[in-house]
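Notes follow the structure.
What follows is the structure, given as structure tokens:
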């Protein structure tokens, strides 16, 4: 009782399958869209709760490690500050020594340079030393300048090399002075 030719039957079966696949795809996409629309409010609520809890959690954990690291870094900070104060105290001592050298400087003696060195040893003591270089107008002025520095009591040793005393006028000199 099927009066349709076989080619027409095949075309009808293909059309039926195509309509069936289109209907299934519409149903699946409709279900997918409805599920997305229904899940969006729940997703937004959970994201809000997660961000609030993570903020609270982070705020609880931030204080403890910061205070721990501050406590752990305290000895290093104390050491750094004590080194700074030691350097500051020794630099004040060096500046006072510079003032003392300039105070005893006669007008006939001109200074070219003053070099400070730390950690020098004299009489088995570690202290700072100065190297004072310049030109003296005559031998007597250089000797009086070195004697004034020796007699001041501020310096433990004042060395004037003999080679500095070879000329009578315009004597270039270099003194090594150890600071007490």
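In our numbering, the protein residues as written are 2 to 181. We put the beta carbon where it would ideally sit given N, CA and C, even for glycine.
- Residue state for residue 167 is assigned as coil, using DSSP reduced to three classes.
- Per the coordinates, the alpha-carbon of residue 82 lies some 34 Å from the alpha-carbon of residue 150.
- Partner residues in the beta bridge of residue 174, as assigned by DSSP, are 135.
- Residue pairing of residue 114 in beta bridges, as defined by DSSP: 134.
- For residue 146, the enclosing alpha helix (DSSP H) stretches over residues 140-152.
- Sorting 45, 53 and 102 by C-alpha distance to the C-alpha of residue 153 places 102 at the top.
- Taking the Cα of residue 136 as reference, the smallest distance to any Cα among 59, 7, 158 and 109 is reached at 109.
- Between residue 161 and residue 87, the alpha-carbon positions lie close to 30 Å from each other.
- In the three-state scheme derived from DSSP, where H, G and I count as helix and E and B as strand, residue 161 is classed as coil.
- When DSSP states are grouped into helix, strand and coil, residue 126 belongs to the strand group.
- DSSP, read as helix, strand or coil, puts residue 156 in strand.
- Sequence-distant partners of residue 177 (beyond 5 residues in either direction) whose C-beta falls short of 7 Å from its own C-beta, in its chain, are 130, 132 and 160.
- Out of 27, 168, 143 and 173, the CA that lies nearest to the CA of residue 113 is found in 173.
- Annotated three-state conformation of residue 179 is strand, per DSSP.
- The criterion of a C-beta distance shorter than 9 Å is not satisfied by residue 175 and residue 145.
- Distance between residue 79 and residue 119, taken at the CA atoms: about 23 Å.
- At least 9 Å separates the beta-carbon of residue 138 from that of residue 179.
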